[in-house]
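In the numbering used here, the protein residues as written are 3 to 90.
See below:
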């Protein structure tokens, strides 16, 4: 195997290991701190909700929009984990 193939193997194994650590720390470890990946996904998935609610004056309407934010975060996190596993 060439040097590039070995480097690809190392990067792939490292990516899978870090993704697996993120999955375990986010889902299994009680009261764990949020990983950098989870924090990034949370900010990116929450941004559209923040923009949408900034234009709404009614509290109940804003609350209904915010109710979808957690589901969006969960789905986005799962999709990112799956993509990272596939890339790795």
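For glycine and all other residues, C-beta sits at the position ideal for the given N, C-alpha and C.
With 16 or more other Cβ atoms inside 10 Å of its own Cβ, residue 40 counts as buried. Excluding residues up to 5 positions away in sequence, nothing lies with its Cβ nearer than 8 angstroms to the Cβ of residue 60 in the same chain. 7 angstroms or more divides the Cβ of residue 71 from the Cβ of residue 58.
The alpha-carbon separation between residue 82 and residue 3 amounts to approximately 30 angstroms.
Between residue 90 and the set 21, 28 and 38, the nearest pair of CA atoms involves 21.
Under a 10 Å Cβ-count criterion, residue 79 is classified as buried, with 16 or more other Cβ atoms of the shown protein chains found around its own Cβ.
Going by DSSP, residue 60 is part of no alpha helix (DSSP H) at all; its letter is neither H nor E. The C-alpha of residue 25 lies about 28 angstroms from the C-alpha of residue 66.
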